[in-house]
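Participant:
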Amino acid sequence: MGFLDILLGRTRPAAPDLDRLFALPSAAVTLRAAAGFTPTGRGSVCFSTVEGEEFVRIRQDIADLLGADLGREGCPVEFSRDSYGYSWLLSRREPDDPTSLVGDLHAVNTALEGAGFGPQLLCSLAGFHDQEGQVFALVYLYKRGTFYPFAPLPGDRRDNALELRIRAVLGDELPFESDLSRWFPVWGAPGL
């Protein structure tokens with residue numbers, strides 16, 4: 009940060025710390041014990057869509073890295089594009105193995121970042137559910153290095169009370185986004 013930035017009160021955003029994703033398996037244990045939520049075994053990475061030969065190559069590299077045959081039925085890795093034009097990579101693992109899921113999410117983020125696509129990375133998420141069928145995701149904001157919960161309800165509504173409860177339960181384990189206006193809804197995100 010330069011002298012002029014200090015004088016004008018400007019700050020730089022926190023650098024992404026992908027290793028923070030490795031706190032998710034521990035958070036899953038806390039969620040099960042304190043709130044009755046368990047991992048769904050699904051997680052995803054969202055990034056701005058990139059076109060071209062280089063991205064086709066990195067997409068295949070990611071599939072190879074995760075041991076996925078993209079053309080095979082039942083493949084645990086799936087690429088898709090949402091109605092807003094963002095690309096998603098969905099990974100499916102056994103629900104009782106959040107460590108492997110986090111490894112997949114970390115590997116995808118690292119591969120995209122290493123190939124020069126870091127500025128296109130938006131977020132990663134891991135899904136959770138309870139016995140009553142309520143779902144939510146812990147969303148990692150790549151550019152902020154923070155997490156927040158997103159709990160959708162039918163009709164494009166959110167369960168704000170649950171989101172705040174999850175933050176209270178996990179507040180000591182994960183770096184939560186303090187600016188609630190940045191708790192963006194990720195409607196229809198793969199992995200939810």
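In terms of this note's numbering, the sequence shown opens at residue 9 and continues consecutively. Using N, Cα and C, we set each Cβ at its ideal position, and we do this for glycine too. All values reported here derive from a predicted model rather than from experimental measurement.
#1: With three or more C-beta pairs closer than 8 Å as the rule, is the segment 106-126 touching the segment 161-178?
#2: According to DSSP, is S95 part of a helix, a strand, or is it coil?
#3: Taking its Cβ as the centre, do 16 or more other Cβ atoms sit within 10 Å of V64, making it buried, or is it exposed?
#4: Below 7 Å CB to CB, which residues in the same chain sit around V58 once its five sequence neighbours on both sides are set aside?
#5: Which same chain residues end up closer than 6 Å to G135 when comparing Cβ atoms and leaving out the 5 residues on each side of it in sequence?
#6: DSSP state of E181, grouped into three classes?
#7: Nearest to E185 by alpha carbon, out of P193, Y156, N168?
#8: Can you give me the C-alpha to C-alpha distance between G141 and G196, rounded to a whole angstrom?
#9: Could you check which residue in F158, L182, G179, D180 has the C-alpha nearest to that of E171?
#10: CA-CA distance, L182 and F30?
#11: How long is the line joining the alpha carbons of D72 and L32, rounded to whole angstroms?
#12: Could you tell me how far apart the beta carbons of V194 and L113 are, in whole angstroms, since I believe they sit closer than 8 Å?
#13: Can you list, in chain order, the residues of its chain with a C-beta nearer than 6 Å to that of L74? Leave out the 5 residues immediately preceding and following it.
Facilitator: Once the coordinates are examined:
#1: no
#2: strand
#3: So V64 ends up on the exposed side.
#4: F125, Q128
#5: T48, R50, A145, G199, L200
#6: coil
#7: Y156
#8: 16 Å
#9: F158
#10: 10 Å
#11: Approximately 24 Å between the Cα atoms of the pair.
#12: Actually they do not touch by this definition, with Cβ atoms about 14 Å apart.
#13: V85, D112
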